[in-house]
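J.: Counting from 279, one number per residue, gives the positions in the sequence shown under this note's numbering.
For glycine and all other residues, C-beta sits at the position ideal for the given N, C-alpha and C.
Quick one: the structure is below, and I'll ask about it shortly.
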Amino acid sequence: MFSLANVKARTYEFEHPDTGRPLHIKPPKLAVLQRFTTAFDNPQMTPAEAAEVLAEVIGHNAEGCKVTTEMVAEWMDTDQMVAFVSDFLGWLNKEKASDPN
């Protein structure tokens with residue numbers, strides 16, 4: 279019998295801005311990924327909305343570190359948010375290409 283529990287999730291390494299420790303971000307669920315990509319394609323998206331989506335993505339980490347919208351807004355300016363999104367999506371695409379399952 280196939281069990282999802284046996285599938286080891288790959289992680290994206292992100293340095294926690296306050297502690298310098300790495301957070302290992304798990305790939306997002308499809309609903310979150312769709313919100314993530316849709317939000318950043320929307321030219322009317324506010325910085326607060328961007329921080330909310332990023333907090334949800336970064337908060338899904340192996341360490342169980344809670345990440346709030348306020349934390350993301352404090353950590354990143356808009357250029358850093360865009361760079362994170364670009365790098366994270368690039369990582370997801372690379373991981374998918376190397377192992378499409």
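What's the gap between the Cα of residue 326 and the Cα of residue 351?
T.: As a first step, residue 326 must be located in the sequence shown, where it is residue number 48. As a first step, residue 351 must be located in the sequence shown, where it is residue number 73. Using only the alpha carbons, I get a separation of about 7 Å.
J.: Which residues does DSSP pair with residue 302 in a beta bridge?
T.: Taking the first residue of the sequence shown as position 1, residue 302 is located at position 24. In the DSSP output, where bridge partners are listed per residue, residue 302 has 291.
J.: When DSSP builds the beta bridges, which residues end up paired with residue 253?
T.: Past the edges of the chain, shown from 279 to 379, lies residue 253, and the structure says nothing about it.
J.: Mark residue 354 as exposed unless 16 or more other C-beta atoms lie within 10 angstroms of its C-beta, in which case mark it buried.
T.: The residue labelled residue 354 in the question sits at position 76 within the sequence shown. It is buried - the Cβ of residue 354 has at least 16 other Cβ atoms within 10 Å.
J.: Helix, strand or coil for residue 360, going by three-state DSSP, please let me know.
T.: Here residue 360 is taken as the residue at index 82 of the sequence shown, counted from 1. It is helical.
J.: Given residue 372, which residues of its chain have a CB within under 6 Å of its CB, disregarding the five upstream and five downstream residues?
T.: Along the sequence shown, one-based indexing puts residue 372 at 94. Contacts found: none.
J.: Specify the secondary structure class of residue 376 as computed by DSSP and reduced to three states.
T.: Here the question's residue 376 lines up with position 98 in the sequence shown. Helix.
J.: With a CB to CB cut of under 7 Å and the five nearest residues on each side skipped, what residues in its chain are close to residue 298?
T.: Mapped onto the sequence shown, residue 298 falls at position 20. Answer for residue 298: no residue qualifies.
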